[in-house]
Amino acid sequence: IGCPSAAPQKPLPQRPPGCCLNGRGAYAHRATRPRKLTPPPITSPIMQRKLREARLRLRRKIKLAAGDMGRIHVSVQCARGPSEPQALSQGVQAAALTDLTPADLVEPLKVIVKCKTGVDVYTQVTYGDLLDFETEVDRLAKALDEVVLEQAIGAVLYEDDATALRREQAVYVAKRRAERMELDRLNRIEAGRRRCGLRALALAERAAPGPTFRAIHARAMADHYMAGLRADALDQLQAAGYLIADDQLAAWMQDRFRDYNVRCGRHDVRLDEIIGDVIANRRQTYRRLEKRHPRFKEDPPEVIVPDVTFSDAILSEEITIERIANIHDDDDDDHNNF
């Protein structure tokens, strides 16, 4: 045996240039692997129950995969351990290593001492164990054939059903895709028609004549005289006996005038609608008042029927004022001429 230092040594791996050890000299040249993250604990009772069910299903699969009891026994016998029994009921335990025994003493030694043969006696099947084939093997083989055939037929039927289902699903998906494409086409056509209609409507509105001077003047007068006419109308109704018994009609009139003021702000009100609304709802209002106050049956208030609408009155008054102003202007001109 020579000196260990004289033997040729394997060269150490060289570090790549620019590599820093950082206190890990033996692992500096290796690629670092990321550490696996620790999964968080499962706190949800539903997830814990699902995990227990999955573990139970896995145990059942392992148990079914083991097969019958004979296969389990075989797996036990094939485990690591002594190849021969180590205990005898009536005898002496002895063993001899044949690999270290001279060849001429092996055969005589087997007669005297029990030696290792490398064979397990419990796993050996002799000729006499399978004499009755019909009793021991035939029934098991038939049952095994029936189970295998049944499983094979079930698997084939399952594959056929799955293939038919996939075919029907493909047909449905294709039909649905075609319907969606047709719907998109119809939506595009309808959108084009709507755009054409809106364009034609815009052109028609541009070509249509604007509001007349009378309509603009009436709207301006309605905005100007609304506040005064409200007080005048309430005074007129109170003088006629509409507001002497109950405040409900007054509140109703206040709400109606407030609504008309809002509509007036939007420039879509007509003054004669106020009087028309009051006249149209007079009977219904007094029926309700007659139920609460019986004296209305004896002495009902006078009926007010306007001869002209408020808008006509306003226009006639404005025209009269303009005529008077024109007359005064003419008089001033004549006076200046003189």
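Heads up, the sequence shown is in full-length UniProt numbering, so the first residue is 1 and it goes up one at a time. C-beta atoms are modelled at their ideal positions from N, C-alpha and C, and glycine is treated no differently. Just so it is clear, the structure is predicted and the values come from calculations on it, not from any experiment.
Residue i versus residue j - alpha carbon distance
i, j, result
"residue 150", "residue 168", "27 Å"
"residue 166", "residue 199", "49 Å"
"residue 177", "residue 185", "12 Å"
"residue 39", "residue 60", "26 Å"
"residue 191", "residue 175", "24 Å"
"residue 195", "residue 205", "15 Å"
"residue 140", "residue 148", "12 Å"
"residue 183", "residue 193", "15 Å"
"residue 145", "residue 157", "18 Å"
"residue 54", "residue 164", "31 Å"
"residue 425", "residue 171", "Residue numbering for the chain in the displayed model covers 1 to 338; residue 425 lies beyond these limits and cannot be assessed."
"residue 46", "residue 188", "49 Å"
"residue 257", "residue 236", "15 Å"
"residue 137", "residue 143", "10 Å"
"residue 153", "residue 62", "24 Å"
"residue 104", "residue 58", "56 Å"
"residue 173", "residue 48", "38 Å"
"residue 181", "residue 37", "48 Å"
"residue 255", "residue 201", "37 Å"
"residue 107", "residue 155", "58 Å"
"residue 259", "residue 179", "50 Å"
"residue 44", "residue 162", "36 Å"
"residue 313", "residue 203", "In this predicted model, residue 313 has a pLDDT of only 45, less than 50, meaning its place in the structure is not dependable enough to derive any value."
"residue 197", "residue 207", "15 Å"
"residue 69", "residue 35", "Here the model assigns residue 69 a pLDDT of 43, short of 50, so the residue's position is not dependable, and the following value carries that caveat. Between residue 69 and residue 35, the C-alpha separation is close to 43 Å."
Residue j beta carbon less than 8 Å from that of residue i
i, j, result
"residue 42", "residue 51", "yes"
Closer than 7 Å: residue i CB and nearest the ligand NAD heavy atom
i, result
"residue 166", "No copy of the ligand NAD appears in this structure; indeed no ligand is present at all."
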